[in-house]
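First residue of the sequence shown? That's 69 in this note's numbering, and the numbers climb one at a time after it. Ideal Cβ positions, reconstructed from N, Cα and C, are used throughout, including at glycine. Report on the structure given below.
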Amino acid sequence: MTIRHLKIFLQVADTGKMSAAAKNLYMTQPSVSQAIRELEEHYHTLLFERLSNKLFITETGKQLYTQAKMAVAQFDLLEEKMNSENHRERFRIGATISVGGSILSHIVHDLSAALPEIEVYCFVGNTQEVENRLLNAQLDAGIVEGFIKSPELVTKPLVKDPLVLACSKTHPLARKDVIHTRDLNGQRFVIREEGSGTRELLERFLASQNIEVKTAFEAHTPDSIKNAVRFNDCLTLISSRLLAEELSCGEFIAYSHEKAQWDRYFRLVHHKNKKTGSPFQILENLLASYDEKASPLDLIHGRLLV
């Protein structure tokens, strides 16, 4: 069994057809079929079921797919590293939009200063996207605030990230120092996209309190969310770290949860089978040092009572 066998297997699994895999790999279909047969003989198991001229991956095949994806990604990374002119190590960080809009640039700056020989690559998406890339060995570390679902990933909470309910200073609720959950019924909200940890937390909260709101906007970026709040009388649940400027000048009003149920953490994440070297350890130390930085808790206007 070679890396070639695994690459052929992944293509067949992704396309669902021997012919399509052969075309993508510039091979003949019999060669692809032979490689799959050799893999099945090597592992003494069936990787695909053939029904009505279609291929369906088996449960054993799904297990191999996960491991093969990581093995091929690691091999490709090794090839890239060894074939590069300067052989610089590449450290790949995935971060959620809340992290990317607040502390990520500062963290990467400090990490690059501490390890100038390392090339740092960053991907910014939602929690689900970062989780998927970690599982597929496309990232070395993740920084997320959402719920990680896979047992294959290890998380460590490091940076406190309090969420707040925010509105513009002209919103009718902005006159109140204390608001109640019933005040939220029927209100217009701007929410994050599917896969966002912030959205998942908001939906859990609304469901637990039997609150029905109107989704007026669905947005990916902090600027889009803040503009919906600014110009369209929307409420939103958002990281307080993303509102430092707006809260400082009084443009936005923020409310914290009376029971601190919106207090969450940015978590450092890695695959349980991945060795954590020096870049990861330094990243962990840098994140820990940011726990009390730039979180404008003293600018929060009032409380939400449940």
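Burial state of residue i (16 or more Cβ within 10 Å)
| i | result |
| --- | --- |
| Gly318 | exposed |
| Met86 | buried |
| Pro98 | exposed |
| Phe299 | exposed |
| Leu119 | exposed |
| Ala103 | buried |
| Glu326 | exposed |
| Arg105 | exposed |
| Val246 | exposed |
Range covered by the alpha helix (DSSP H) that runs through residue i
| i | result |
| --- | --- |
| Glu197 | 195-203 |
| Glu268 | 265-276 |
| Gly168 | 165-168 |
| Val176 | 172-182 |
N-terminal and C-terminal residue of the beta strand (DSSP E) that residue i is part of
| i | result |
| --- | --- |
| Asp301 | No beta strand (DSSP E) holds Asp301; DSSP gives it neither H nor E. |
| Ile216 | It is not in any beta strand (DSSP E) - Ile216 carries neither H nor E in the DSSP assignment. |
| Leu355 | Taken as a continuous stretch (DSSP letters only), Leu355 belongs to no beta strand (DSSP E), being part of the alpha helix (DSSP H) at 346-357. |
| Thr223 | 221-236 |
| Leu336 | 331-339 |
| Ser324 | 320-325 |
Contact set for residue i: own chain, Cβ-Cβ below 7 Å, skip 5 residues either direction
| i | result |
| --- | --- |
| Glu220 | Leu203, His339, Lys340 |
| Leu354 | Ile175, Asp178, Leu179 |
| Asp331 | Lys228, Pro230 |
| Phe124 | Phe116, Glu117 |
Supposed contact pair residue j and residue i - C-beta distance, whole angstroms, cut 8 Å
| i | j | result |
| --- | --- | --- |
| Ser323 | Leu233 | Looking at the sequence provided, one finds Tyr at residue 323 rather than Ser. The Cβ separation is near 4 Å, so the contact holds. |
| Glu197 | Lys217 | So it is not a contact: roughly 13 Å between Cβ atoms. |
| Ala287 | Arg260 | 7 Å |
| Arg335 | Thr223 | 4 Å |
| Phe191 | Leu132 | Incorrect: roughly 26 Å between the Cβ atoms, too far for contact. |
| Ile279 | Thr304 | Actually they are not in contact, since the Cβ atoms of Ile279 and Thr304 sit about 14 Å apart, beyond 8 Å. |
Cβ-based neighbour list, residue i, same chain, cut-off 6 Å, excluding 5 preceding and 5 following
| i | result |
| --- | --- |
| His110 | Met69 |
| Asp156 | Here the sequence assigns Arg to residue 156, which means Asp is not the residue at that position. The residues are Glu187. |
| Met138 | Ala205 |
| Leu207 | Arg160, Gly162, Arg201 |
Cut-off 8 Å between Cβ atoms - residues of its own chain near residue i, not counting five sequence neighbours on either side
| i | result |
| --- | --- |
| Lys11 | Lying outside 69 to 374, the shown extent of the chain, residue 11 is not represented and no answer is given. |
Tell me the start and end of each unbroken alpha helix (DSSP H) in the region 104-163 that is at least 4 residues and wholly inside, in chain order. The alpha helix (DSSP H) runs of length 4 or more contained entirely in the region 104-163 are, from start to end of the chain, 127-151.
Residue ranges of each beta strand (DSSP E) run of no fewer than 3 residues wholly in the region 235-261, ordered along the chain? Scanning the region 235-261 from its first residue to its last, the whole beta strand (DSSP E) runs of 3-plus residues come out as 246-248, 256-260.
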